[in-house]
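Participant: Numbering (UniProt numbering), first residue to last: 1 to 493. Note that beta-carbon positions come from the ideal geometry of N, C-alpha and C, so glycine has one too. Because the structure is a prediction, the values reported are computed rather than measured.
Quick look at the structure:
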């Protein structure tokens with residue numbers, strides 16, 4: 001068992017390039033994931049409002065943001081396929097050791113969620129004027145449910161890397177084998193991370209709707225539908241961020257139970273503290289190595305409250321956890337899971353975990369503040385004229401929660417290091433041993449060029465659709481029910 005998990009002497013250059021490639025391609029893919037999840041959910045809600053009320057403005061918003069969803073969904077599918085290939089190319093040792101477990105939820109995602117998604121997207125796109133309103137609306141909701149289910153299976157796979165459950169290590173085969181798929185799917189980390197990711201997606205989708213609506217209102221275009229769109233977008237951000245806060249609290253508790261080193265790294269706290277000393281630093285300046293604090297702004301008791309839900313709880317520090325991990329994973333022969341030198345460090349890169357955690361919270365809060373101000377300035381009977389600069393602020397709100405989502409995943413993945421599967425396998429052990437650095441560098445270069453070109457295409461297509469605005473249907477205003485020419489519903493996506 002120990003031999004099968006021993007740290008392999010990987011080529012440092014190949015390892016670094018493989019990590020950069022996987023990190024960049026994963027973050028690039030995640031540019032599209034939250035918008036796909038959040039936007040389809042909101043579009044289904046808007047379409048429901050149209051079916052129930054018959055108001056044209058809801059149909060216009062459904063068509064406009066449905067088109068943006070489809071552009072984004074297509075790009076997400078293309079970039080997502082690349083991710084699975086990398087496990088076999090650059091991370092073959094990882095695939096060999098935990099592929100039996102990690103592959104199960106991914107297979108379920110492909111066989112169940114993606115097939116369901118693909119089927120009902122087709123009904124939704126081509127079903128205008130071909131199926132009844134009720135059936136078409138059901139297709140919209142089933143598409144949304146499928147995108148959310150797809151996210152759950154992927155998060156369940158990732159959560160195994162954070163908190164491995166439902167497995168046993170076969171000494172004979174030298175790999176981990178699945179023993180309980182139920183445990184993998186009900187992993188407490190997955191149950192906490194899933195709602196956190198979904199609500200974060202709603203915030204981003206709401207910001208996109210807010211930005212597109214502000215673009216048209218600034219030009220006094222499609223006022224009726226875009227005013228409603230602005231309110232939907234702003235409330236989606238506010239409600240989504242409130243849910244992000246609550247789900248993040250539960251995820252934090254799960255993280256403390258399963259990966260206390262990550263919480264300690266998020267605060268760059270070297271020594272174990274409790275009560276008032278377990279404070280949360282809003283801003284800290286320290287030495288380059290992160291060991292010495294020079295200046296900080298702190299809130300007493302807050303870290304204890306976040307970690308234990310008590311004001312006097314104890315939060316373990318990096319030094320104590322390092323000693324504990326060394327004893328558990330290196331020196332205790334009866335419980336060793338890998339061989340490592342006495343100088344082995346189990347601490348992640350502190351400046352990344354510390355600042356990514358704060359940027360995640362700060363960017364989410366900033367987008368929520370903008371949404372609140374937008375609702376106040378555009379409220380009914382408001383006597384305040386929205387300044388041109390604030391219209392621009394609302395337009396540029398769109399990428400803010402996206403960045404919050406991205407740095408949140410940076411914190412999640414970098415905070416796990418040096419483990420690729422916590423307590424079982426280090427990242428260094430997981431890289432393909434026979435793939436030379438030049439090969440990884442070449443594929444990294446090709447991915448960068450291709451993904452860069454795709455990014456330009458994606459941005460231009462979404463920008464064109466957003467600037468075109470909603471389609472016009474009849475003469476009725478958004479507050480009136482109108483008879484819609486069925487032939488005009490079949491707008492090509």
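Leaving out five residues before and five after residue 372 in sequence, what residues of the same chain have Cβ atoms less than 7 Å from its Cβ?
Facilitator: Within the same chain, residue 372 has close Cβ partners 238.
Participant: Three-state secondary structure (DSSP) at residue 96?
Facilitator: Of the three classes helix, strand and coil, the one that applies to residue 96 here is helix, per DSSP.
Participant: For residue 30, tell me which candidate among 154, 358, 446 has the shortest Cα-Cα distance.
Facilitator: Here the closest residue by C-alpha is 154.
Participant: Please go through the same chain and pick out, in chain order, the residues whose beta-carbon is closer than 6 Å to the beta-carbon of residue 75, but skip the five residues on each side of it.
Facilitator: The answer, listed in chain order, is 32, 458.
Participant: For residue 301, which option in 186, 318, 281 has the closest C-alpha, if you only look at C-alpha atoms?
Facilitator: Comparing Cα positions, the closest option is 281.
Participant: Would you be able to state if there are at least three C-beta pairs under 8 Å between the region 242-259 and the region 193-203?
Facilitator: Yes, they touch.
Participant: Have a look at the DSSP bridge pairing and note the partners of residue 176.
Facilitator: Answer is 169.
Participant: Determine, using beta carbons only, whether residue 209 and residue 232 come nearer to each other than 8 Å.
Facilitator: Yes. Within cutoff.
Participant: Provide the residue(s) that pair with residue 349 in DSSP beta bridges, ordered along the chain.
Facilitator: DSSP, once it has assigned bridges, lists no residue as partnering residue 349.
Participant: Which term fits residue 463, buried or exposed, when burial requires 16 or more other beta carbons within 10 angstroms of its beta carbon?
Facilitator: Its Cβ having fewer than 16 others within 10 Å, residue 463 is exposed.
Participant: Hey, which unbroken runs of the alpha helix (DSSP H) at 4 residues or more fall wholly within the region 8-86?
Facilitator: Here the runs fully enclosed are 12-30, 33-53.
Participant: Around the C-beta of residue 387, are 16 or more other C-beta atoms found within 10 angstroms, so that it is buried, or is it exposed?
Facilitator: With fewer than 16 other Cβ atoms within 10 Å, it is exposed.
Participant: For residue 190, which residues of its own chain have a beta-carbon under 7 Å away from its beta-carbon, when the five flanking residues on both sides are left out?
Facilitator: The answer, listed in chain order, is 155, 156, 159.
Participant: Thinking C-beta only, is residue 146 closer than 8 Å to residue 123?
Facilitator: No, the pair does not count as a contact, with Cβ atoms beyond the cut-off.
Participant: Is residue 345 near the ligand HEM - that is, is its Cβ less than 7 Å away from at least one heavy atom of it?
Facilitator: This structure simply doesn't include the ligand HEM, nor any ligand for that matter.
Participant: In this structure, does DSSP put residue 396 in helix, strand or coil?
Facilitator: Of the three classes helix, strand and coil, the one that applies to residue 396 here is coil, per DSSP.
Participant: Give the list of continuous alpha helix (DSSP H) stretches no shorter than 4 residues that lie fully inside the region 188-261.
Facilitator: List check, alpha helix (DSSP H) in window: 188-218, 223-258.
Participant: In chain order, what residues of the same chain have a beta carbon less than 6 Å from the beta carbon of residue 71, not counting five sequence neighbours either side?
Facilitator: Closer than 6 Å at Cβ, skipping near neighbours: 461, 462.
Participant: Distance check for residue 143 and residue 120, CA to CA, integer angstroms please.
Facilitator: Distance between the alpha carbons of residue 120 and residue 143 is about 6 Å.
Participant: Taking all protein chains shown into account, decide if residue 307 is buried (16 or more other Cβ within 10 angstroms of its Cβ) or exposed.
Facilitator: Label assigned to residue 307: buried.
Participant: In whole angstroms, what is the alpha-carbon distance linking residue 176 and residue 389?
Facilitator: Distance between the alpha carbons of residue 176 and residue 389 is about 57 Å.
Participant: In this structure, how does DSSP classify residue 280 when only helix, strand and coil are distinguished?
Facilitator: Strand, per DSSP.
Participant: Taking only the alpha-carbon atoms, compute the straight-line gap between residue 39 and residue 320 and give it to the nearest angstrom.
Facilitator: Between residue 39 and residue 320, the C-alpha separation is close to 44 Å.
Participant: Give the straight-line distance between the Cα atoms of residue 109 and residue 103, rounded to the nearest whole angstrom.
Facilitator: Answer to the nearest angstrom: the Cα atoms are 10 Å apart.
Participant: My understanding is that residue 424 touches residue 164, with C-beta atoms under 8 Å, so please give their C-beta distance in whole angstroms.
Facilitator: Confirmed, about 6 Å.
Participant: Report the rounded CA-to-CA distance for residue 5 versus residue 174, giving the unit in angstroms.
Facilitator: Confidence at residue 5 is low in this model, with a pLDDT of 42, below 50, so the placement of that residue is unreliable and no value is reported for it.
Participant: Could you name the residues of the same chain whose beta carbon sits closer than 7 Å to that of residue 183, not counting the 5 residues immediately before and after it, in chain order?
Facilitator: Closer than 7 Å at Cβ, skipping near neighbours: 165, 166.
Participant: Does the separation of the CB atoms of residue 346 and residue 418 fall below 8 Å?
Facilitator: In this structure, residue 418 lies closer than 8 Å to residue 346 by Cβ.
Participant: Check residue 380 in the structure and name its three-state DSSP category.
Facilitator: Three-state DSSP puts residue 380 in coil, outside helix and strand.
Participant: Residue 48 to residue 211, Cα distance in whole Å?
Facilitator: When rounded, the distance between both Cα atoms is 22 Å.
Participant: Using 8 Å for Cβ pairs, my map puts residue 310 next to residue 272. What's the rounded Cβ distance?
Facilitator: 15 Å between Cβ atoms; not a contact.
Participant: So, with DSSP's three-state summary, where would you put residue 385?
Facilitator: If DSSP states are grouped into helix, strand and coil, residue 385 belongs with coil.
Participant: Whole angstroms are fine: how far does the CA of residue 369 sit from the CA of residue 415?
Facilitator: The straight-line gap from Cα to Cα measures roughly 28 Å.
Participant: Relative to the alpha-carbon of residue 318, which residue among 365, 263, 297, 329 has its alpha-carbon at the smallest distance?
Facilitator: The residue with the shortest Cα to Cα distance from residue 318 is 263.
Participant: My output table needs one value for residue 108: the three-state DSSP class, helix, strand or coil.
Facilitator: If DSSP states are grouped into helix, strand and coil, residue 108 belongs with the helices.
Participant: So, for residue 258: in the same chain, excluding its five sequence neighbours on each side, which residues have a beta-carbon less than 8 Å away from its beta-carbon?
Facilitator: The answer, listed in chain order, is 162, 163, 188, 189, 422.
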